[in-house]
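S.K.: Let me begin by handing over the structure; questions about it come next.
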Amino acid sequence: MVETLVVLGGGAAGMSAASRARRIRPDLKITVIEETKMVSHAPCGIPYYIEGLFDNESLFMTYTPSFFETERKIEVMINTAVKDVDLSRREVKLDSGKLLEYDWLVISMGAKPKRIPNVNWERVFYIHHPAQAQHIRKELWSMNRIAIIGGGILGVEVAEALTTIGKKVLLIHRGNQVLNKMLDQDMGEIVTNMIKQDVELHLNEEVEEINEGTIVTDKGKYDVDGVVLALGVFPNVALFQNQLEIGKTGAIKTKPTMQTSISHVYAAGDIAETKHIVSGGEVWMPFAPVANKMGFVAGSNIGGKETLFPGTVGNMITKYKDMFIGKVGLNESEAIKSGLRPISATIKAKSRARYYPGAKDIYVKLIADETQRRIIGGQIIGGEEVLGRLDAVSIAISKRTTIEEMFFAELGYLPAISQVWDPLTVAVRQLLKA
């Protein structure tokens, strides 16, 4: 009898799980259920689509549904919603009324955008899925003065997109700086001051209601042509609240195999909880690289090849205009909450040798645990060569590298892209004094 795998959600985690299982088990019947018309899609591209950097919607997808059908022999049911799931009976009920039975189930239904009450206007947009990107871009392009609610990564990226195409943007954020959940205050202020040059920024301000053309906050009223809500997301676990163990983060609790509290049911991606490699605590990291690897692990284990997901260090990066902004590991407040004793060093340097033209500013903050003397976090802001340095810190954190080991790590040197004392090494040298 042919065994069946059903995957709920055709995003990064779902298609990664289905593809990996197919590679190991060519005999497995695999069906993916996707609510929209897109699979293996890239929501991270939406701000750049709004900016007009590309026009072809198909570029949001790494592979098309037909590719998976013909090349990987995976049945893909697009524009199909899941109405109910009965885990005890191993049944998935679709909106059409059709029932699917399975031997294995991967839940990769992602997350949903956070909403606010008291919204009474059709010009309020939630940027979340590429399937809605075309409509949202058309609407936003027709407006002049646009408000963004939320100063996290998405809010910053949409602000960049809209100001670049000439829109007047005001950003309302309840934190005292943008990216306040990502960056420590000293680093966050650098980004905040940069954004202030282009954006009407309202910090420490809470939105109370949005009526037609007017936003009401606890500090004032603002007239706008449209609103983008960028308040973050939450795990889409509604169908499983009473059937699976839900973790402290609100996402589905998983084992390192990506199994849930039911052994034949796996969860991966933005719906799944994992552990933080530094703190050891439960975390929820709704980012594409994590989702892809979770899906890979789930598919491997379903296929019979034991693989473990080690957890995450939370490597995240964004940009605003000419500055790249990255963070990995714990920031200082997160380290304190985790019971660690953080020490830190923050430096400002140039990205190139002093004689090589075009050097840009780069800010590096490294955080270590005073007791164990190991690197536990890093934040980097700069005009170039940020990602490579951030990834170096990411690996150092994952491997529990000490301050001394990090100092003696041999980093490459080329005058056109670095200095002989790399900014990372300079920051570590400051930690050595601690």
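Just so you know, we're using this note's numbering here: the sequence shown kicks off at 10 and counts up by one.
The beta-carbon is built from N, C-alpha and C at its ideal position, and this holds for glycine as well.
Could you tell me which residues DSSP puts in a beta bridge with D378?
M.R.: As a first step, residue 378 is located in the sequence shown; it is residue number 369 there, counting from the start. DSSP output for D378 lists P351 as bridge partner(s).
S.K.: Between the C-alpha atoms of Q252 and M118, what's the straight-line distance to the nearest angstrom?
M.R.: On the sequence shown, residue 252 is found 243 positions in, with the first residue counted as 1. On the sequence shown, residue 118 is found 109 positions in, with the first residue counted as 1. Between Q252 and M118, the C-alpha separation is close to 15 angstroms.
S.K.: Measure the beta-carbon distance from I356 to P432 and round it to whole angstroms, keeping in mind my assumption that it falls under 8 angstroms.
M.R.: Numbered from its first residue, the sequence shown carries residue 356 at position 347. Numbered from its first residue, the sequence shown carries residue 432 at position 423. Rounded, the Cβ-Cβ distance is 6 angstroms, consistent with contact.
S.K.: Need the endpoints of the alpha helix (DSSP H) that N88 sits in, please.
M.R.: Sequence index remark: in the sequence shown, residue 88 carries index 79 (1-based). Where N88 is concerned, there is no enclosing alpha helix (DSSP H), given that its DSSP letter is neither H nor E.
S.K.: Between which two residues does the beta strand (DSSP E) carrying H211 extend?
M.R.: Against the sequence shown, residue 211 aligns to sequence position 202. Counting along the chain, the beta strand (DSSP E) containing H211 begins and ends at 209-211.
S.K.: Quick check: the Cα distance between K176 and N153, rounded to an integer number of angstroms?
M.R.: Counting from 1 along the sequence shown, the entry for residue 176 is found at position 167. Counting from 1 along the sequence shown, the entry for residue 153 is found at position 144. When rounded, the distance between both Cα atoms is 5 angstroms.
S.K.: Between A30, V15, G19, which has its C-alpha nearest F305's C-alpha?
M.R.: Against the sequence shown, residue 305 aligns to sequence position 296. Residue A30 is the option with its Cα nearest to F305.
S.K.: Thinking C-beta only, is V165 closer than 8 angstroms to L149?
M.R.: If you number the sequence shown from 1, residue 149 lands on position 140. If you number the sequence shown from 1, residue 165 lands on position 156. It is not a contact, given that the beta carbons lie outside the stated cut-off.
S.K.: Could you tell me if A281 is buried or exposed, where buried requires 16 or more neighbouring beta carbons within 10 angstroms of its beta carbon?
M.R.: Locating residue 281 in the sequence shown gives position 272, counting from the first residue. Burial call: buried.
S.K.: On the criterion of 16 or more Cβ atoms from any shown chain inside 10 Å, does Y364 qualify as buried, or is it exposed?
M.R.: Taking the first residue of the sequence shown as 1, we reach residue 364 at position 355. That one is exposed.
S.K.: Can K123 and L240 be called in contact, C-beta distance under 8 angstroms?
M.R.: Here residue 123 refers to the residue found at position 114 of the sequence shown. Here residue 240 refers to the residue found at position 231 of the sequence shown. Yes, they are a contact pair.
S.K.: Taking only three categories from DSSP, how would you classify P56?
M.R.: By 1-based counting over the sequence shown, the position of residue 56 is 47. The answer is helix: DSSP assigns P56 an H, G or I state.
S.K.: Residues in its own chain within less than 7 angstroms of E218 by CB, not counting five upstream and five downstream?
M.R.: For the purposes of this step, residue 218 is taken as the residue at position 209 of the sequence shown. Only N127, V225 meet the Cβ criterion.
S.K.: Under 7 angstroms Cβ to Cβ from N185, same chain only, skipping five residues before and after it: list those, please.
M.R.: Walking along the sequence shown from the start, residue 185 turns up at place 176. Around N185: L212, N213.
S.K.: Please classify K357: does DSSP put it in a helix, a strand, or coil?
M.R.: The residue labelled residue 357 in the question sits at position 348 within the sequence shown. In the structure shown, K357 sits in a strand (DSSP, three-state: E or B).
S.K.: What residue ranges within the region 105-185 form continuous alpha helix (DSSP H) runs of no fewer than 4 residues, ordered along the chain?
M.R.: 142-150, 162-173, all fully within the region 105-185.
S.K.: So G235 and I155 are in contact, right, with Cβ under 8 angstroms, and what is the actual spacing, rounded?
M.R.: As a position in the sequence shown, residue 235 is number 226, starting the count at 1. As a position in the sequence shown, residue 155 is number 146, starting the count at 1. About 5 angstroms separates the two Cβ atoms, so the contact holds.
S.K.: Whole beta strand (DSSP E) runs in the region 17-57 with 3 or more residues, listed along the chain?
M.R.: With a minimum length of 3 residues, the continuous beta strand (DSSP E) runs that stay inside the region 17-57 are 38-42.
S.K.: What do you get for I384, buried or exposed, if any count of 16 or more other CB atoms within 10 angstroms of its CB means buried?
M.R.: Reading the sequence shown from its first residue, position 375 is the one you call residue 384. Buried is the call here.
S.K.: Using DSSP's beta-bridge definition, name the partner residues of Y231.
M.R.: Here the question's residue 231 lines up with position 222 in the sequence shown. BP columns for Y231 point to I224.
S.K.: From T71 to K257, what does the alpha carbon distance come to, in whole angstroms?
M.R.: Here residue 71 refers to the residue found at position 62 when the sequence shown is read from its first residue. Here residue 257 refers to the residue found at position 248 when the sequence shown is read from its first residue. Spanning the two alpha carbons is a distance of roughly 32 angstroms.
S.K.: Give the DSSP-derived three-state secondary structure of T434 in the structure shown.
M.R.: Within the sequence shown, numbered from 1, the residue matching residue 434 stands at position 425. T434: helix per DSSP, three-state reduction.
S.K.: Looking only at C-alpha atoms, which of I261, I412, H50, K190 sits nearest to G18?
M.R.: Counting from one through the sequence shown, the residue named residue 18 turns up at place 9. Selected option, being the one with the closest Cα: H50.
S.K.: According to DSSP, which residues form a beta bridge with F333?
M.R.: Numbered from its first residue, the sequence shown carries residue 333 at position 324. Answer is K328, G391, bridged to F333.
S.K.: How is D193 classed by DSSP in three states: helix, strand or coil?
M.R.: Here residue 193 corresponds to residue number 184 of the sequence shown, with the count starting at 1. In the structure shown, D193 sits in coil (DSSP, three-state: anything other than H, G, I, E or B).
S.K.: To the nearest angstrom, how far is it from the Cα of L375 to the Cα of G387?
M.R.: Within the sequence shown, the letter at position 366 stands for residue 375. Within the sequence shown, the letter at position 378 stands for residue 387. The straight-line gap from Cα to Cα measures roughly 4 angstroms.
S.K.: What whole-angstrom Cβ distance do H273 and L114 have, given they're in contact under 8 angstroms?
M.R.: Residue 273 sits at position 264 when you count from the first residue of the sequence shown. Residue 114 sits at position 105 when you count from the first residue of the sequence shown. Right, the Cβ-Cβ distance comes to about 7 angstroms (below 8 angstroms), so this counts as a contact.
S.K.: Should W293 go down as buried or exposed, given a rule of 16 or more other Cβ atoms within 10 Å for buried?
M.R.: Working through the sequence shown from its first residue, we reach residue 293 at position 284. Buried.
S.K.: Using a threshold of 7 angstroms, is the CB atom of D431 nearer than that to any non-hydrogen atom of the ligand GDP?
M.R.: The ligand GDP is not part of this structure, which contains no ligands at all.
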